[in-house]
Amino acid sequence: MTISRRHFVALGSTLPLAAAAATGIFAPSAAHAAKPQILQSDRILGFPTAPATIIEYASLTCGHCANFHKYTFGDLKKNYIDTGKVKFVYRHFPLDRFAFIAAILAECAGDDSKFFSMVDVLFEQQGNWTRQADPALALIELGEQNGVALEEFVNCLTDQEMVDAIASESLIGSSQFGVDSTPTLFIQGDKYERDRSFQALDIYLKTLT
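Using mature numbering (1 follows the signal peptide of the UniProt record, and there is no 0), the letters of the sequence shown map in sequence onto residues -33 to -1, 1 to 176.
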């Protein structure tokens, strides 16, 4: 089947946003005292036996999220994730339609390793693809450059289970855990609302690991 870029953009302009609206992704949050736990569906980086867990809710169009991944995550990975002290969980909280499409691209990349590699690319190049006349077309190019062909991307975009899972992840973050901005970090189940620099996280994590 031949799929045009116009076909892709038409799909992207309706399906993710419709799914988000249907599940209430952009509705006001009703925060509860629940603490997030690791789920079987989670995207996890690090050793399963790591004693501490960091869960991040992020939007791939969020500038603060990009800064966290550019300036903090590398040191966090080197000093805590790769050394077996922390396992890191990434959860989607798309703030707009293009963040939703980018989330689908990340999920479409493959296993956890490929997923996190795609997330890295999306954040590293966020200043480029989000500023294009049509970010959806820019996402096609990023996908093709990183192993996700257009037809595969379209198949993921029309995968209702994948779309619903992303929408549900965001809705649960908002309704059960009080996520109302990005990035939101939970460390050992507690919302971390301090400085997100590596220096500050390093001091905090040394009390836990």
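Built from N, CA and C at the ideal position, the CB exists for glycine as well.
Tyr24 places its beta carbon 9 Å or farther from that of Ser164. Comparing alpha-carbon positions, the option among Asp169, Ile154, Ala167 and Gln166 lying closest to Val56 turns out to be Ile154. Assigned with DSSP and collapsed to three states, Glu118 falls in helix. Linking Tyr159 to Thr151 through their CA atoms gives a straight-line distance of about 7 Å. Put simply, of Val130, Cys75, Pro18 and Ala76 the residue whose alpha carbon is nearest the alpha carbon of Gly51 is Pro18.
In summary, Gly140 is buried, with 16 or more beta-carbon neighbours lying within 10 Å of its beta-carbon over all protein chains present. With a threshold of 16 other beta carbon atoms within 10 Å, Glu74 meets it and is buried.
Counted as a single uninterrupted DSSP element, the alpha helix (DSSP H) harbouring Asp131 occupies residues Gln127 to Phe144. Under a 10 Å Cβ-count criterion, His59 is classified as buried, with 16 or more other Cβ atoms of the shown protein chains found around its own Cβ. The Cβ atoms of Leu109 and Val86 lie no closer than 9 Å to each other. In this model, Thr20 and Asp147 are separated by some 20 Å (Cα to Cα). With a threshold of 16 other beta carbon atoms within 10 Å, Pro15 falls short and is exposed. The continuous beta strand (DSSP E) containing Asp157 extends over residues Asp157 to Tyr159.
DSSP, reduced to helix, strand and coil, places Ile107 within a helical segment of the structure shown.
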